[in-house]
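Here's the structure we're looking at; comments come further down.
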């Protein structure tokens, strides 16, 4: 196995699923580690770094939602998480996305679809969205009293207090900052941030916008930064500046 291959941590209490998924991913060039619960997941993460975590919602002890929230609050907050749910339940998907999951997949799923989702998540995690070339010249992007550190991938407020962002939150904010004062449809935002098209009842973009507004202390009723354009999408309405000397 190539030591440089992407490393995927599979957290599922179903031994058969763990091993089937692990074997399939290894056959397709990925390194894998298997964990049956949150305790094993934490132990593996303490021992080494992984590139993506497949996290089942239904786990003994701390469930996948609790573990995802824990990941997003700690040093692994930027590690992408793909959540698995045994039920085609919109509530599970919504809560998972609110906890910071980058994508979700409903059981039963095909191994080919899982691999495609993994590759898409890894690709968009590492690839900046199509943007204004000039923004690549600055490490800090400023708007209002906020600054986005594009190296550390976190927010700084006017008092230099760090506001941590999940990988999904960072990508969404970066898309807005690279396309200021331009209306972006939900389909465009979903494609730029998650690399897929919207399902009929997909609410992930609205949830992500809601989370970003909370991070920015932006009143959803009268937002200063991310405004809703009825029947069209969202627009980042505040001017964005490049901060000199930050490159």
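Numbering (this note's numbering), first residue to last: 14 to 260.
Positions of the beta carbon are idealized from the N, C-alpha and C atoms, including for glycine.
Item                                                                                                                   : Value
Assigned secondary structure, residue 23 (DSSP; H/G/I helix, E/B strand, else coil)                                    : strand
Pairwise C-alpha distance: residue 183 and residue 169                                                                 : 13 Å
Residue 219, enclosing alpha helix (DSSP H) - first and last residue                                                   : 217–228
Three-state secondary structure (DSSP) of residue 183                                                                  : helix
Buried versus exposed call for residue 45 [16 or more other C-beta atoms within 10 Å across all chains shown]          : buried
Whole-angstrom distance between residue 196 and residue 43, CA atom to CA atom                                         : 38 Å
Coil, strand or helix - residue 45 by DSSP                                                                             : strand
C-beta contact flag for residue 96 and residue 68 at 9 Å                                                               : yes
For residue 66, three-class secondary structure by DSSP                                                                : strand
Continuous beta strand (DSSP E) stretch holding residue 57: start and end                                              : Per DSSP, residue 57 belongs to no beta strand (DSSP E); it is in the alpha helix (DSSP H), 51–60.
Helix, strand or coil at residue 40 [DSSP, three-state]                                                                : helix
Per DSSP, cross-strand counterpart(s) of residue 117                                                                   : 96
Spatial neighbours of residue 263 in its chain, beta-carbon cut-off 6 Å, leaving aside the 5 residues before and after : The shown model of the chain, from 14 to 260, leaves out residue 263, and the question about it has no answer.
Residue 218 vs residue 234 beta-carbon contact at 9 Å                                                                  : no
Distance between residue 203 and residue 211 (C-alpha atoms, nearest Å)                                                : For residue 211, the predicted structure reports a pLDDT of 45, less than 50, and the residue's modelled location is therefore unreliable. The matter cannot be settled from this model.
Cβ-based neighbour list, residue 171, same chain, cut-off 7 Å, excluding 5 preceding and 5 following                   : 158
Touching by the beta-carbon criterion (3+ pairs, under 8 Å), the region 221–238 and the region 120–135                 : no
Sequence-distant residues of the same chain with beta carbon closer than 6 Å to residue 20, five excluded per side     : 44, 63, 64
Per-residue burial, residue 173 [other beta carbons within 10 Å of its own, 16 or more giving buried]                  : exposed
Terminal residues of the beta strand (DSSP E) in which residue 177 lies                                                : 175–177
Cβ-based neighbour list, residue 114, same chain, cut-off 6 Å, excluding 5 preceding and 5 following                   : 81, 94, 96
Residue 72 - containing beta strand (DSSP E), residue span                                                             : Counting along the chain, residue 72 falls outside any beta strand (DSSP E), and DSSP gives it neither H nor E.
Other residues of its chain near residue 109: CB distance less than 6 Å, five sequence neighbours each side excluded   : 96, 117
Secondary structure of residue 160, DSSP reduced to three states                                                       : strand
Straight-line Cα distance separating residue 189 from residue 145                                                      : Any reading at residue 145 must be qualified, since the residue scores a pLDDT of 36, below 50, and its modelled position is unreliable; the value itself is stated next. Between residue 145 and residue 189, the C-alpha separation is close to 11 Å.
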